[in-house]
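2 protein chains.
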Amino acid sequence: MSRITIRDVARIANVSVTTVSNVLNKTGRTSPETMRKVEQVMEELQFVPSTSARNLRDKKSHLIGVIVPFLEKGRLKDNPFYWQLLSAIEEGTRSHQFHLILFGADENESFSFVHERHLDGLIVIGTFDNSPVLERLLQLNVPCVFMDSYLSDPKLAQVNIDDQAGGHLGTKHLLGLGHRRIAVLSGVLQHNGVSHERWLGYRRALEEAGIPYDPSLVLQEPVSLEGGYHAGLKAATLPAEERFTAVFAFSDVGAIGFMKAMHDLGISVPDQMSIVGFDDIFLSPYIPVSITTVKQDLIEKGQAAVNMLLSQIHGESTDNCKHVLPVSLSVRNSTKAL
Amino acid sequence: MSRITIRDVARIANVSVTTVSNVLNKTGRTSPETMRKVEQVMEELQFVPSTSARNLRDKKSHLIGVIVPFLEKGRLKDNPFYWQLLSAIEEGTRSHQFHLILFGADENESFSFVHERHLDGLIVIGTFDNSPVLERLLQLNVPCVFMDSYLSDPKLAQVNIDDQAGGHLGTKHLLGLGHRRIAVLSGVLQHNGVSHERWLGYRRALEEAGIPYDPSLVLQEPVSLEGGYHAGLKAATLPAEERFTAVFAFSDVGAIGFMKAMHDLGISVPDQMSIVGFDDIFLSPYIPVSITTVKQDLIEKGQAAVNMLLSQIHGESTDNCKHVLPVSLSVRNSTKAL
DNA sequence: AACCATTGCTGAAACGTTACATCCTTGGAG
DNA sequence: CTCCAAGGATGTAACGTTTCAGCAATGGTT
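Chains as they are written, first to last, in full-length UniProt numbering: chain A, 1 to 338; chain B, 1 to 338.
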């Protein structure tokens, strides 16, 4: 019971394989009646074309790889943000007859699968200039779209949100509530990374308010649940002059971790501590004290990346193609006027 | 600048293509010296074998599909549980040279891609007997492993946790704390579904404690954030004789939603209401009032499914192969003695 | 000394498509 | 009436592997 091929269809329908192929690909080189005839035979035989054969022939795969550097390190697994993003990307590709294949990529992993599998394109999340990963990717010579990566090379297609505006927005919200000593939970300030941009926005907001920048308020703890929690615990042990009344976490999970620490220490949010998050993950409204946060639209972000990648795959130039999405503020209950 | 093929390697190394192929596949049919020679040429030419060609030849794809029925309906997107599970599956496949490809599958979606892409196997999450999806899947005649699906056909390979024990465990915990009126947030009690099993465990525990079963305590709200929240709001409006002192949500997100409602209503958890969740997602310890929950090991679960699927792919019979993983209780702060 | 098994290698066919170059038909223009 | 264009169909060569059958040389058995 071997597979039904284009040849079987041709034989039964009394036409050539080429004709069947033409019908299959709707090239319009066939007369309506043969078309109908062939289609009917296909239906009867339940013919399904083989993607493998196509892939070999076309040197394509209709497969898009998503590379999340540091996937192994748990950054992704434990952050709903990435899953929501991935989900958005998946939806985008599916409607275009592409499928998604997921990869981590730690430093020493080779990218041979890109060639092995003839991947048509790549979406890369969270790299940065001079990253070892970046160089390897470029050598692959494959359509690429970068997300959440601030890359200086103008040839690279990029999708970002306006991180700096986000940092500014969150900070201004706290300033508007009367806070003067505002900490940021930033993670490592990778130069030209997402956090760095948000931090720039934070600084700008402070400056505009005439408040001097205090480096001791930058908590370089990882922006994870655990990182936020530890940062929170540490904050309580600070000498009086280093205390702060609000914290701006550069991710919602970081904010949740921080909030948990406050709860465990008996410090009330928002009465004694205001917290602003970033991302607006689906959970943020449902935390007991719902989180005020800088919202980004992941659906749109995923869509934008997919569209950009597809044009690139179809041969359109994406030089100087940088898509920056706006952010907004979702004010909830974790922030309060001093 | 066309692709380097096995032929190029053969030509340069002065051997036949067959020999190169043998080296590539380590069949051991080559002498050590030719092997070295060929390997060196491969290295020099940076030869990468084409998966497409292999796939065509072998009628395989080294691709595993994950089907999550009802994916579109947001059940997955918004539940970290699934992502954690998927992540575990991904890890399992990667180490075996397989890759993952993700599909939703609503009713009217055809499964033609399974044949189109020559998928080697399928992991299906959350179906049930007589589901329309199930029948279609079986017709595909492809190795399948079902997760979180209680299927009566003994031929089907299944991976489950001991849901009934889980339901029992959670309920007993609450009973042990002195609670007598315990609600469950169960979602629709699909016959032979996961929830149904947990509900059976709940009933058994009640019975053992000599407490009569009260159907009004079964909240068939969806076990999502929103569902939990609504259930919580409703609970507050109940007439006195229908009130309860504890709720057992069959998912952690459901528990979080319920807890949020309590918070909004000013009802203290755990002082006035005890809550038990299910799954133990990574967030559960970090909710301000950390969640007591029935824990399942997703890594192990993913691993088990992958292993089972791979043996099936390699031709081993998996008849009567049902893998049931144990559950345990993580006691945290959302439950308290009456 | 003739024979056979083993080791190491090779050539060619097959997997199921698509695209190129042809090759018939027609029917309309000259 | 001849010629050419265009429409419709066809045969075949790729795409890059793996595997099957076969061949040559080596060395050990009778």
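Just so it is clear, CB atoms sit at the ideal spot from N, CA and C, and this is done for glycine as well. These figures come from a predicted structure and were not determined experimentally.
Annotation: valine 306 (chain A) to threonine 93 (chain A) spans about 6 Å, alpha carbon to alpha carbon. Distances from the alpha-carbon of glycine 228 (chain B) to those of B:Met259, B:Gly210 and B:Glu242 put B:Met259 closest. Per the DSSP secondary-structure output, alanine 246 (chain B) pairs in a beta bridge with B:Ile182 and B:Ser274. Distance check between asparagine 333 (chain A) and each of A:Gly277, A:Gly315 and A:Val324 places A:Gly277 closest, using alpha-carbon atoms only.
Positions of the beta strand (DSSP E) runs, each at least 3 residues long and wholly inside the segment 3–69 of chain B, are given as 63–69 in order along the chain. Around the beta carbon of histidine 191 (chain A), a 10 Å sphere encloses fewer than 16 other beta carbons of the protein chains shown; the residue is thus reported as exposed.
DSSP, reduced to helix, strand and coil, places serine 216 (chain A) within a helical segment of the structure shown.
Under the three-pair Cβ rule at 8 Å, the segment 57–66 of chain A does not count as touching the segment 268–277 of chain A. The residues Val66, Leu100, Ile123, Gly302, Ala305 and Val306, in chain order, have a CB closer than 7 Å to that of isoleucine 89 (chain A) in the same chain once the five nearest residues on each side in sequence are set aside. In the DSSP assignment, the residues bridged to valine 145 (chain A) are A:Ile123 and A:Ala157. Listed in chain order, the non-local C-beta contacts of proline 49 (chain A) below 8 Å within the same chain comprise Ile6 and Leu24, local neighbours out to five positions each way being set aside. When only Cα atoms are considered, leucine 329 (chain A) and glycine 257 (chain A) end up about 20 Å apart. Between the segment 230–245 of chain B and the segment 173–185 of chain B, the count of Cβ pairs shorter than 8 Å is three or higher; the stretches touch. Annotated three-state conformation of valine 133 (chain B) is helix, per DSSP. The distance from the Cβ of glutamine 312 (chain B) to that of glycine 126 (chain B) is about 19 Å, inconsistent with a contact at the 8 Å cut-off. DSSP lists B:Val159 as the bridge partner or partners of histidine 323 (chain B). In this chain, the beta strand (DSSP E) harbouring serine 328 (chain A) covers 328–330. The beta carbons of threonine 51 (chain A) and arginine 117 (chain B) sit about 5 Å from each other, so the pair counts as a contact at 8 Å. Taking one beta carbon from each stretch, the segment 314–328 of chain A and the segment 158–175 of chain A have 3 or more pairs nearer than 8 Å; the two touch.
Contact between the segment 6–21 of chain B and the segment 35–46 of chain B is present, with at least three C-beta pairs closer than 8 Å. By the neighbour-count definition (other C-beta atoms within 10 Å, threshold 16), histidine 314 (chain B) is an exposed residue. Taking the Cα of serine 216 (chain B) as reference, the smallest distance to any Cα among B:Glu197, B:Leu85 and B:Leu238 is reached at B:Leu238.
Selection A:Leu45, A:Leu233, A:Glu300 and A:Asn14 evaluated against isoleucine 267 (chain A) yields A:Leu233 as nearest (Cα-Cα). When DSSP states are grouped into helix, strand and coil, isoleucine 287 (chain A) belongs to the coil group. With a threshold of 16 other beta carbon atoms within 10 Å, asparagine 79 (chain B) meets it and is buried. Beta-bridge pairing by DSSP links threonine 293 (chain B) to B:Gly277 and B:Ser330. For leucine 265 (chain A), the enclosing alpha helix (DSSP H) has its first and last residue at 252–265. Taking 8 Å as the cut-off between beta carbons, the residues of the UniProt domain "HTH lacI-type" (4–58) of chain A near chain B are Val48, Pro49, Ser50, Thr51, Ser52, Ala53, Asn55 and Leu56, in sequence order. For histidine 99 (chain A), the C-beta contacts it makes with chain B under 7 Å involve Ile101, in order along the chain. In chain order, Tyr286 make up the part of chain B whose C-beta sits under 8 Å from the C-beta of glycine 257 (chain A). DSSP places lysine 301 (chain B) in the uninterrupted alpha helix (DSSP H) bounded by 298–313. Between the alpha carbons of leucine 140 (chain B) and serine 21 (chain B) lies a distance of about 32 Å. Not a single CB atom of chain B sits nearer than 8 Å to the CB of phenylalanine 250 (chain A). Within the model, the alpha-carbon separation for tryptophan 199 (chain A) versus asparagine 14 (chain B) is close to 60 Å.
In terms of beta-carbon proximity, leucine 233 (chain B) stays away from the interface with chain A, with every pair separated by 8 Å or more.
Here phenylalanine 103 (chain A) is bridged, per DSSP, to A:Ile67.
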